[in-house]
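Number 201 in this note's numbering belongs to position 200 of the sequence shown; there are no gaps in the numbering.
The beta-carbon is built from N, C-alpha and C at its ideal position, and this holds for glycine as well.
Structure first, commentary second.
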Amino acid sequence: MSIFNQKSKFKVKTEVRKVKQAVAPAPPKKSGGCGGGSSNGALSRPSLSAPSSAHGTPRASPIPSSLTAAAAAARRLNNSSHSPESKVGSSSSTGTASRKRRAPPSRRSPATASPAPVLSDSEPASDDDDDWAETLDRSKRRKRAHTEDPSRRLRHPKLWPGQGEEEKARIVHAVDVAGLADKCQPVMGLGRDEVAVRLRYPGAKYYERYELVWGKDKIDGAVDIMKVVELVASTYLTGSEAKPFLDKNDGICRRLEKSKNTQDGKGFKAALFEYNEQLLALQKSGAISKNISALRGIPQELVEFILDQVYDRTVAPKVDLLAKYENGTDNVYGELLHPFITNIFDRTKLSSGMVFVDLGSGVGNVTLQAALERGCESWGCEMMENACNLAEEQKKEFAARCRMWGIAPGKVYLERGDFRKSERTLAALKRADVVLVNNQAFTAQLNDHLVNMFLDLKIGCKIVSLKTFVHDTKNAANDVATSILDVEDLTYPEGYVSWTNAAGAFCISTRK
Numbered sequence: 002m003s004i005f006n007q008k009s010k011f012k013v014k015t016e017v018r019k020v021k022q023a024v025a026p027a028p029p030k031k032s033g034g035c036g037g038g039s040s041n042g043a044l045s046r047p048s049l050s051a052p053s054s055a056h057g058t059p060r061a062s063p064i065p066s067s068l069t070a071a072a073a074a075a076r077r078l079n080n081s082s083h084s085p086e087s088k089v090g091s092s093s094s095t096g097t098a099s100r101k102r103r104a105p106p107s108r109r110s111p112a113t114a115s116p117a118p119v120l121s122d123s124e125p126a127s128d129d130d131d132d133w134a135e136t137l138d139r140s141k142r143r144k145r146a147h148t149e150d151p152s153r154r155l156r157h158p159k160l161w162p163g164q165g166e167e168e169k170a171r172i173v174h175a176v177d178v179a180g181l182a183d184k185c186q187p188v189m190g191l192g193r194d195e196v197a198v199r200l201r202y203p204g205a206k207y208y209e210r211y212e213l214v215w216g217k218d219k220i221d222g223a224v225d226i227m228k229v230v231e232l233v234a235s236t237y238l239t240g241s242e243a244k245p246f247l248d249k250n251d252g253i254c255r256r257l258e259k260s261k262n263t264q265d266g267k268g269f270k271a272a273l274f275e276y277n278e279q280l281l282a283l284q285k286s287g288a289i290s291k292n293i294s295a296l297r298g299i300p301q302e303l304v305e306f307i308l309d310q311v312y313d314r315t316v317a318p319k320v321d322l323l324a325k326y327e328n329g330t331d332n333v334y335g336e337l338l339h340p341f342i343t344n345i346f347d348r349t350k351l352s353s354g355m356v357f358v359d360l361g362s363g364v365g366n367v368t369l370q371a372a373l374e375r376g377c378e379s380w381g382c383e384m385m386e387n388a389c390n391l392a393e394e395q396k397k398e399f400a401a402r403c404r405m406w407g408i409a410p411g412k413v414y415l416e417r418g419d420f421r422k423s424e425r426t427l428a429a430l431k432r433a434d435v436v437l438v439n440n441q442a443f444t445a446q447l448n449d450h451l452v453n454m455f456l457d458l459k460i461g462c463k464i465v466s467l468k469t470f471v472h473d474t475k476n477a478a479n480d481v482a483t484s485i486l487d488v489e490d491l492t493y494p495e496g497y498v499s500w501t502n503a504a505g506a507f508c509i510s511t512r513k
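Shown next, in the form of structure tokens:
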């Protein structure tokens with residue numbers, strides 16, 4: 002007989018829990034200075050649009066059986082019209098890249114989009130240009146890490162020092178998922194034989210291949226490139242080193258933006274060529290290696306962008322696989338988005354010397370975010386086969402991308418199977434400092450099993466969940482969870498999960 006069907010010997014006074022607003026409202030949506038920028042679940046409202054990634058690729062949005070047919074239809078309509086990357090809760094806790102992270106630039110077809118303003122050196126700048134230039138002001142330009150960890154060393158052990166050859170990391174190039182071969186169309190007045198370009202990254206000698214094309218729900222190559230250039234200059238370079246890139250009048254970022262706005266493909270390619278050459282010179286001089294070695298944290302914008310790059314090249318092209326789940330079971334997929342996860346990391350004080358475990362990790366988004374953002378040992382366990390397969394693809398691409406960006410993440414472990422039976426996962430739980438479980442759609446039986454597992458957690462371990470494990474009934478004093486957990490009930494604002502734009506509740510429990 003389960004221990005939950007027996008009369009407990011525990012006589013612990015039921016605690017009174019206060020509800021607090023835990024997360025600041027999501028920041029207003031805006032694009033980055035040089036271009037477009039840029040993880041779990043509940044019931045949705047049909048009138049709300051689904052979240053999207055930084056580049057507009059669609060996120061998974063399987064609808065739980067508890068949603069009405071009308072809500073499901075409305076969500077599919079929203080997904081198709083806004084090209085979002087949305088997902089809805091797996092036995093997994095987390096979700097993918099931002100999942101409602103930062104608002105992506107809309108991907109409108111050049112044929113249907115409203116004409117971009119034509120700018121020239123002789124024309125006065127618009128108000129929007131003034132705003133853009135202000136973001137590049139040297140006094141405000143330097144990107145700072147959301148949190149800094151004195152114990153963390155960010156320099157990747159295989160960072161190219163600027164001399165000698167290096168082994169090429171196998172990445173999924175942008176052109177592999179968004180190119181002429183995928184029925185995309187050339188942009189900025191370029192011919193089909195002129196769209197191929199290459200992009201250099203700070204941690205590697207080799208390039209990523211792009212094509213300057215547009216396609217519905219595809220990576221926007223020009224926007225992606227502009228964001229990389231801006232992030233490299235603002236994160237990896239000192240003020241004087243970054244000036245040729247970020248000068249508000251004639252810097253490389255400004256020229257890329259102007260060329261895109263004026264549909265000047267040749268001008269865009271010329272500015273990109275100059276960026277590649279100048280970054281190579283900085284790599285050879287040792288400036289990049291020196292600057293990365295001095296970092297103790299990663300700007301949140303860069304964290305989200307790297308995770309989005311990984312997701313857009315691995316999960317987004319196969320996102321329909323995540324819609325295959327079993328109704329009425331614990332196997333429903335959904336994601337907590339980047340800002341929500343960062344807030345969780347802040348509140349639990351997750352750092353590089355800790356162990357993080359995501360029970361029901363889906364495609365691995367949160368597991369990867371913990372490793373990148375905080376540098377900690379990061380574990381995930383998932384039992385849905387399609388999600389596991391995509392998680393493995395993400396892990397491989399994640400390792401290669403981190404190397405290209407010159408950043409060393411924490412160790413990542415992704416386990417397949419039932420987290421109640423996975424020996425490696427159960428062993429990691431005994432060492433865990435922070436545990437995440439998106440139990441929004443879990444059955445009562447599974448939540449009871451989890452409480453039993455929590456008996457093995459070390460004192461002080463933080464458990465983050467969408468639903469409390471403490472039963473709010475007159476018999477709560479006899480509840481096992483009450484006897485081992487101190488619970489804080491919290492709320493999150495709109496736009497922090499993949500299955501709805503609505504605000505919701507979550508809690509952080511501490512093992513007594």
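(message) Out of Arg256, Ala482, Lys206, Tyr414, which one is the CA nearest neighbour of Ala282?
(response) Position 281 of the sequence shown, counted from the first residue, corresponds to residue 282. When only C-alpha atoms are compared, the closest one is Lys206.
(request) Give the secondary structure of Arg108 by DSSP, where H, G and I count as helix, E and B as strand, and everything else as coil. (result) Here residue 108 refers to the residue found at position 107 when the sequence shown is read from its first residue. A caution first: Arg108 carries a pLDDT of 31, below 50, which makes its placement in the model unreliable, though a value can still be read off. Coil, per DSSP.
(request) Go through its chain and collect everything with a Cβ distance to Leu303's Cβ below 8 Å, but skip five positions before and after it. (result) Translated into the one-based positions of the sequence shown, residue 303 becomes position 302. Cβ neighbours of Leu303 beyond the five flanking positions: Lys144, Leu232, Thr236, Trp406.
(message) Would Asn387 pass as an interface residue toward chain D - the criterion being a Cβ-Cβ separation below 8 Å?
(response) Going by chain labels, chain D is absent from the structure shown, which holds only one protein chain.
(message) Could you compute how far the alpha carbon of Ala392 sits from the alpha carbon of Arg402?
(response) As a position in the sequence shown, residue 392 is number 391, starting the count at 1. As a position in the sequence shown, residue 402 is number 401, starting the count at 1. Rounded to whole angstroms, Ala392 to Arg402 spans 15 Å at the Cα level.
(message) Suppose you measure from the CA of Pro300 to the CA of Glu374; what does that come to, to the nearest Å?
(response) Taking the first residue of the sequence shown as position 1, residue 300 is located at position 299. Taking the first residue of the sequence shown as position 1, residue 374 is located at position 373. Those two C-alpha atoms are separated by around 9 Å.
(request) Kindly indicate which residue of Gly496, Ala503, Gly361, Lys350 has the alpha-carbon position closest to the one of Lys463. (result) Start at 1 with the first residue of the sequence shown, and residue 463 comes out as number 462. It is Lys350.
(request) From the DSSP output, in three-state form, read off Ala179 for me. (result) Counted from its first residue, the sequence shown places residue 179 at position 178. In the structure shown, the three-state DSSP call for Ala179 is coil.
(request) Could I get the ranges of all uninterrupted beta strand (DSSP E) runs contained in the segment 401-450, with 3 residues as the minimum, in chain order? (result) 413-417, 435-438
(request) Since I believe Leu323 is in contact with Ala388 (beta carbons under 8 Å), could you give me their beta-carbon distance rounded to a whole number of angstroms? (result) Along the sequence shown, one-based indexing puts residue 388 at 387. Along the sequence shown, one-based indexing puts residue 323 at 322. Sure, about 6 Å apart at Cβ, within 8 Å.
(message) Just verifying my parser: in three-state terms, what is the DSSP assignment at Leu68?
(response) For the purposes of this step, residue 68 is taken as the residue at position 67 of the sequence shown. Model confidence at Leu68 stands at a pLDDT of 33, short of 50, so the residue's coordinates are unreliable; what they give is reported in the following sentence. If DSSP states are grouped into helix, strand and coil, Leu68 belongs with coil.
(request) If I'm right that Leu257 touches Phe269 with Cβ under 8 Å, what's the distance once you round it to whole angstroms? (result) Sequence index remark: in the sequence shown, residue 257 carries index 256 (1-based). Sequence index remark: in the sequence shown, residue 269 carries index 268 (1-based). For a cut-off of 8 Å, the C-beta gap from Leu257 to Phe269 is around 6 Å, short enough to register as a contact.
(request) With DSSP as the reference, label Ser510 as helix, strand or coil. (result) Position 509 of the sequence shown, counted from the start, is the residue given in the question as residue 510. Strand.
(message) The alpha helix (DSSP H) that contains Phe341, what's its start and end?
(response) Walking along the sequence shown from the start, residue 341 turns up at place 340. Per DSSP, the continuous alpha helix (DSSP H) segment holding Phe341 begins and ends at 339-349.
(message) Among Thr501, Tyr497, Ile460, Tyr493, whose alpha-carbon lies nearest the alpha-carbon of Ser510?
(response) Against the sequence shown, residue 510 aligns to sequence position 509. The option with the nearest alpha carbon to Ser510 is Ile460.
(message) Helix, strand or coil for Pro162? Go by DSSP, reduced to three states.
(response) Locating residue 162 in the sequence shown gives position 161, counting from the first residue. If DSSP states are grouped into helix, strand and coil, Pro162 belongs with coil.
(message) Given this structure, state the Cα-to-Cα distance separating Lys529 from Lys513, to the nearest angstrom.
(response) Lying before the first or after the last residue shown, residue 529 is absent from the chain, which here runs from 2 to 513.
(request) With DSSP collapsed to three states, give me the class of Ile460. (result) Along the sequence shown, one-based indexing puts residue 460 at 459. Of the three classes helix, strand and coil, the one that applies to Ile460 here is coil, per DSSP.
(message) Tell me which residues share the same chain as Ala381 and place their Cβ nearer than 6 Å to its Cβ, disregarding the 5 neighbours each side in the sequence.
(response) As a working mapping, residue 381 is identified with position 380 in the sequence shown. First, the amino acid is wrong: residue 381 is Gly here, not Ala. The residues are Asp359, Ser362, Gly365, Thr368, Leu415.
(request) Would you give the residue range spanned by the beta strand (DSSP E) that Cys382 belongs to? (result) Residue 382 sits at position 381 when you count from the first residue of the sequence shown. Where Cys382 is concerned, the enclosing beta strand (DSSP E) stretches over 378-383.
(message) Based on DSSP bridge pairs, tell me the residues matched to Glu489.
(response) For this step, residue 489 is matched to residue 488 along the sequence shown. For Glu489, which the question treats as bridged, DSSP gives the partners Ile509.
(message) Buried or exposed for Pro410, going by 16 or more other Cβ atoms inside 10 Å?
(response) For the purposes of this step, residue 410 is taken as residue 409 along the sequence shown, with counting starting at 1. When all chains shown are included, Pro410 counts as buried.
(request) Report all residues from its chain with a CB closer than 6 Å to the CB of Ala126; omit the five preceding and five following residues, and keep chain order. (result) The residue you call residue 126 lines up with position 125 of the sequence shown. Per-residue confidence for Ala126 stands at a pLDDT of 41, beneath the threshold of 50, marking its modelled position as unreliable; no derived number is given.
(request) Return the first residue and the last residue of the alpha helix (DSSP H) that Tyr237 is part of. (result) Taking the sequence shown and counting its residues from 1, the one referred to as residue 237 is at position 236. From DSSP, the alpha helix (DSSP H) with Tyr237 extends over 222-237.
(request) Note down, in chain order, each residue of its chain lying with its Cβ closer than 7 Å to the Cβ of Arg171, except the 5 sequence neighbours on either side. (result) Indexing the sequence shown from 1 puts residue 171 at position 170. The answer, listed in chain order, is Ala401.
(request) Pick helix, strand or coil for Val24, following the three-state DSSP scheme. (result) Along the sequence shown, one-based indexing puts residue 24 at 23. Note that Val24 scores a pLDDT of 49, beneath 50, so its modelled location is shaky; the value from the coordinates is reported in the next line. It is coil, neither helix nor strand.
(request) Starting from the Cα of Pro1, find the closest Cα among Lys217, Leu280, Arg432 and give me that residue. (result) For the chain, the structure presents residues 2 to 513; residue 1 sits outside this window and is missing.
(request) Kindly indicate which three-state DSSP category Glu495 falls into: helix, strand or coil? (result) For the purposes of this step, residue 495 is taken as residue 494 along the sequence shown, with counting starting at 1. Of the three classes helix, strand and coil, the one that applies to Glu495 here is coil, per DSSP.
(request) Give the single residue among Gly204, Leu213, Leu238, Asp183 whose Cα lies nearest to the Cα of Glu195. (result) Here residue 195 is taken as the residue at index 194 of the sequence shown, counted from 1. For Glu195, the nearest C-alpha among the options comes from Leu213.
(message) Taking the beta carbon of Trp500 as the centre, do at least 16 other beta carbons fall within 10 Å, making it buried, or is it exposed?
(response) Position 499 of the sequence shown, counted from the start, is the residue given in the question as residue 500. Label assigned to Trp500: buried.
(request) Report yes or no: do three or more beta-carbon pairs, one from the segment 448-455 and one from the segment 338-358, lie closer than 8 Å? (result) no
(message) Comparing C-alpha positions only, which one of Gln186, Val198, Val230 sits nearest to Gly216?
(response) Walking along the sequence shown from the start, residue 216 turns up at place 215. Looking at the Cα atoms, Gln186 is the closest of the given residues.
(message) Am I right that Gln395 and Val316 are in contact with their C-beta atoms under 8 Å? What's the rounded C-beta distance?
(response) Taking the sequence shown and counting its residues from 1, one reaches residue 395 at position 394. Taking the sequence shown and counting its residues from 1, one reaches residue 316 at position 315. Between Val316 and Gln395 the Cβ distance is about 6 Å, and since that is below 8 Å, they are a contact.
(request) Return the first residue and the last residue of the alpha helix (DSSP H) that Arg193 is part of. (result) Along the sequence shown, read from residue 1 onward, the residue named residue 193 stands at position 192. Premise fails: Arg193 is in no alpha helix (DSSP H) and is neither H nor E.
(message) Determine whether the beta carbon atoms of Ala506 and Asp490 lie at a separation below 8 Å.
(response) Position 505 of the sequence shown, counted from the start, is the residue given in the question as residue 506. Position 489 of the sequence shown, counted from the start, is the residue given in the question as residue 490. Going by C-beta atoms, Ala506 is nearer than 8 Å to Asp490.
(message) Considering only their Cβ atoms, is the gap separating Phe399 from Ser379 smaller than 8 Å?
(response) As a first step, residue 379 is located in the sequence shown; it is residue number 378 there, counting from the start. As a first step, residue 399 is located in the sequence shown; it is residue number 398 there, counting from the start. No, they are not a contact pair.
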